[in-house]
Amino acid sequence: MNIVTTRFGLIQVLESDLIWIPDGLVGFRSFTQYVHFPDPVVTGLSWLQCVTAPELAFGLIAPPLAISDYRLELRPGDRAALELDEQRSALVYVILNRGEGGGLTVNLQGPLVFNPVRRLGRQLVLTSSRYAVRYPLDPHQVHAPNLLPGPSPLRATA
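In the working numbering, the protein residues as written are 8 to 165.
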């Protein structure tokens, strides 16, 4: 299947590669079909590209690249929605954003959790104030490499 994107041009994916996020993402509830793939240049960066909105793509990283002690406990309802038998089989990512002044931030309070076997995803909204919505990435720390130099935005808008 071919997917038209504004960031990557035409990409080809198998229908079995599609990820369904039944509840959508915060601010983008009506968009529920995505494809997830690694960035072709930047190690550690991946993209969640909407299938139906060419301009909608989210840069993702694994939480340890931002903060080494990130912990997430899935509630039973979230596990059920993702059809997960065990939490350890889940894949967890956080969304990158351009912060004020051009630096990178990640949303630690709204992680994305995927069941790679069932091809299901869900964005959690953590109620704990332990994690920030716009946690700044420090490119000088070992666990936060300089992912994307330059001014290009990391999240397209619909």
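Every residue gets a Cβ at the ideal spot worked out from N, C-alpha and C, and that includes glycine.
For residue i, the three-state DSSP class (helix, strand or coil)
i, result
"Leu72", "helix"
"Leu154", "For Leu154, the predicted model reports a pLDDT of 49, less than 50, meaning its position is unreliable and no value from the coordinates is stated."
"Arg106", "Note that residue 106 is Gly in the sequence shown, not Arg. Gly106: coil per DSSP, three-state reduction."
"Gly34", "coil"
"Gly51", "coil"
"Pro29", "coil"
"Ala87", "helix"
"Leu161", "Note that Leu161 scores 35 on pLDDT, short of 50, meaning its location in the model is unreliable; the coordinates nonetheless yield the value given after this. Here Leu161 sits in coil by DSSP."
"Val149", "Note that Val149 scores a pLDDT of 34, beneath 50, so its modelled location is shaky and nothing firm can be said."
Supposed contact pair residue j and residue i - C-beta distance, whole angstroms, cut 8 Å
i, j, result
"Leu30", "Val42", "Position check: residue 30 holds Asp in this sequence, whereas Leu was assumed. 18 Å between Cβ atoms; not a contact."
"Leu115", "Val101", "6 Å"
"Val99", "Leu79", "6 Å"
"Ser37", "Asp46", "26 Å between Cβ atoms; not a contact."
"Ala64", "Arg14", "5 Å"
"Leu89", "Leu127", "5 Å"
Start and end residues, alpha helix (DSSP H) containing residue i
i, result
"Gly128", "Per DSSP, Gly128 belongs to no alpha helix (DSSP H); it is in the beta strand (DSSP E), Leu127 to Gln130."
"Gly117", "Counting along the chain, Gly117 falls outside any alpha helix (DSSP H), and DSSP gives it neither H nor E."
Near the ligand MN: residue i beta-carbon under 7 Å from a heavy atom
i, result
"Val120", "Absence of the ligand MN from the depicted structure is noted, as is the absence of any ligand whatsoever, leaving it without description."
Boundaries of the beta strand (DSSP E) in which residue i is found, first to last residue
i, result
"Pro123", "First-last for Pro123: undefined, no H or E at that position."
"Phe15", "Taken as a continuous stretch (DSSP letters only), Phe15 belongs to no beta strand (DSSP E), as it is neither H nor E."
"Pro41", "First, the amino acid is wrong: residue 41 is Tyr here, not Pro. Start and end: Gln40 to Pro45."
C-beta neighbour in chain C for residue i, strict 8 Å
i, result
"Gly84", "No chain C is present in this structure, which holds just one protein chain."
Practice prompt. Report yes or no: do the segment 128-143 and the segment 94-111 share at least 3 C-beta pairs separated by less than 8 Å?
Written response: The answer is yes - the segment 94-111 touches the segment 128-143, with three or more Cβ pairs under 8 Å.
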